[in-house]
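**Student:** Pasting a structure below so you can have a look.
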Amino acid sequence: MGVDLLRYREEFPVLERKAYLISASLGPISRRSRAYLEGFLEAWETEGAPDHVWFEDVFPTMRRCKEVFAGLVGARPHELAITTNVSVALSTIASCADLSSRTKIVCSELDFPTDGHVWLAHVRRGAEVVFLRSPDGLTVPLEAYEEAIDERTAVVMVNRVLYRSSALVDAAAICRMAREAGAWSVVDDFHGAGIVPVDVRELGCDFYVTGVLKWLCGGPGLAFLYAREELLPRLQPLVTGWFATRDPFSFDLEHLELHPTARRLEHGTPPAAAAFVARGGLEIVAEVGPGRIRERQGELTDLVIARADEAGLPVRTPRDRAARGGVVNVGVGLEAPKICHALLERGVCTDPRGDGLRVSPHFFTTEEEIDRLFRELRALL
């Protein structure tokens, strides 16, 4: 690890005590995030509302979060809405979908569960949710999408990085198929944002959602919803609230005039405290840069695979560095949850998925921490 990356370890106090290999589940909190949050709490405690807390603290911090995130993914700030989580973001998108003539929703069986759940809730509106099957448990072939996407397709869901296997999906190709068929493309990038460089314009998606909980080290409670600018005037969400209006502080109960930007996809009072925590993580990831993080993670995940091979443990993640995200799923058997808890007692953080452990090193991880994981595994298995 270079000296400039090594210095960022001081930002994350948990690294003084644990081998933190679980950022794909919950990124660690930084000293910077804590300082921003404490500043907000101090202002709330001493200055109160409304002007100081809301107009001098909360709203500027939300704008800052949008600006930093926009730079990370190639969006414009006015194309971004802030929500509380990806489930709410997807529900808002789904509420905009016209299912009167096109009813098919295409998903993969390897997508994160909320992606299916949100659309299954719209079966009562006439949606037909199709789950594409995987031949190997790692990924779904592009040919399966080609066969499924047709003139009846309303929406195609894409997870750019799969949460179990960390396989990298050719999201741009799938978005292109959706566009050519006249369907919306919705990219869930919770497991790729911040670590696998992306430009939403090059991706060609209509919508892009992610949260700051994981690789962006921003904690729970804040997610982003990108909507392509050209779509904005047509979006009439059924899931809405007063902060989606052009002028929420007019307190006009009897008229709904949506904001012209992606703010029309926001809801009620925003997640104020979460924005301060999110800002710290977003700024750190932006400073390091997704490109450098991608390079460093490639080295670290290569090492995880090598150590798993030496230990005789199966790897349930693509071995090609270019074909995977930031996680290696290491098979440890049906006792994976118990092994995960035993590792935690020994100061090593991972998380179980199926019969494997997801090992998710971040840019601040050291080689010694990975070696420590496998020393502990040898003692447990």
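Residue numbers (my numbering): 2 to 382. Glycine included, C-beta positions come from ideal geometry on N, C-alpha and C.
#1: When the Cα atoms are used, what is the spatial distance from Phe364 to Asp5?
#2: Just list the alpha helix (DSSP H) runs in the segment 64–115, keeping only unbroken ones of 4 residues or longer that don't cross its boundaries, in chain order.
#3: Nearest-angstrom Cα distance between Ala228 and Thr302?
#4: Are the beta-carbon atoms belonging to Val349 and Val329 less than 9 Å from one another?
#5: Three-state secondary structure (DSSP) at Arg354?
#6: Between which two residues does the beta strand (DSSP E) holding Ala228 run?
#7: Per DSSP, what kind of secondary structure is Ile23 in: helix, strand or coil?
#8: Can we say the segment 184–192 touches the segment 146–157, given the rule of at least three CB pairs closer than 8 Å?
#9: Apart from the five residues on each side of it in sequence, which residues of its chain come closer than 7 Å, Cβ to Cβ, to Arg18?
#10: Judging by CA-CA distance, which residue of Thr85, Val141, Trp55 is the nearest neighbour of Cys108?
#11: Grouping DSSP H, G and I as helix and E and B as strand, with all else coil, what is Ala194?
#12: With a threshold of 7 Å on Cβ separation, who are the neighbours of His260 within its own chain once the five nearest residues in sequence on each side are excluded?
#13: Closest by CA to Asp112, which one among His53, Asp189, Ala82?
#14: By the three-class DSSP mapping on this structure, what secondary structure does Ser361 have?
#15: Going straight from the alpha carbon of Ala309 to that of Glu80, what length do you get?
#16: Given a cut-off of 9 Å, decide if Ile175 and Tyr146 are closer than it, judged by their beta-carbon atoms.
#17: Following the continuous beta strand (DSSP E) through Trp55, name the residue where it begins and the one where it ends.
#18: Return yes when the Cβ of Pro238 is within less than 9 Å of the Cβ of Leu266, no when it is not.
#19: Between which two residues does the alpha helix (DSSP H) containing Val201 stretch?
#20: Tell whether a beta-carbon distance below 9 Å holds between Thr85 and Ala224.
#21: Using 8 Å as the cut-off, classify the Cβ of Leu257 as near or not near the heavy atoms of the ligand HEM, replying yes or no.
#22: Can you look up Glu311 in the DSSP assignment and give me helix, strand or coil?
#23: Can the beta-carbon of Val316 be found less than 9 Å from the beta-carbon of Gly332?
#24: Would you decide whether Asp253 is buried or exposed? Buried here means 16 or more other CB atoms lie within 10 Å of its CB.
#25: Can you tell me which residues form a DSSP beta bridge with Asp189?
#26: Under the DSSP definition of a beta bridge, which residues are partnered with Arg325?
#27: Tell me which residue opens and which closes the beta strand (DSSP E) that Val131 is part of.
#28: For Thr302, does the three-state DSSP call read helix, strand or coil?
#29: Apart from the five residues just before and just after Val15, which ones in its own chain have a Cβ nearer than 6 Å to its Cβ?
#30: Using only CA atoms, which one of Glu203, Leu42, Ala25, Glu311 lies nearest to Ser361?
#31: Hey, quick one: how far does the alpha helix (DSSP H) through Ser34 stretch, first residue to last?
**Tutor:** Reading off the structure:
#1: 11 Å
#2: 87–97
#3: 32 Å
#4: no
#5: strand
#6: 224–228
#7: strand
#8: yes
#9: Gly348
#10: Val141
#11: coil
#12: Ala245, Thr246, Arg247
#13: Asp189
#14: strand
#15: 42 Å
#16: yes
#17: Where Trp55 is concerned, there is no enclosing beta strand (DSSP E), given that its DSSP letter is neither H nor E.
#18: yes
#19: 201–204
#20: yes
#21: Annotation note on the ligand HEM: not contained in the displayed structure, which lists no ligands.
#22: helix
#23: yes
#24: exposed
#25: Asn160, Val210
#26: Ala168
#27: 129–133
#28: helix
#29: Tyr21, Pro29
#30: Ala25
#31: 32–47
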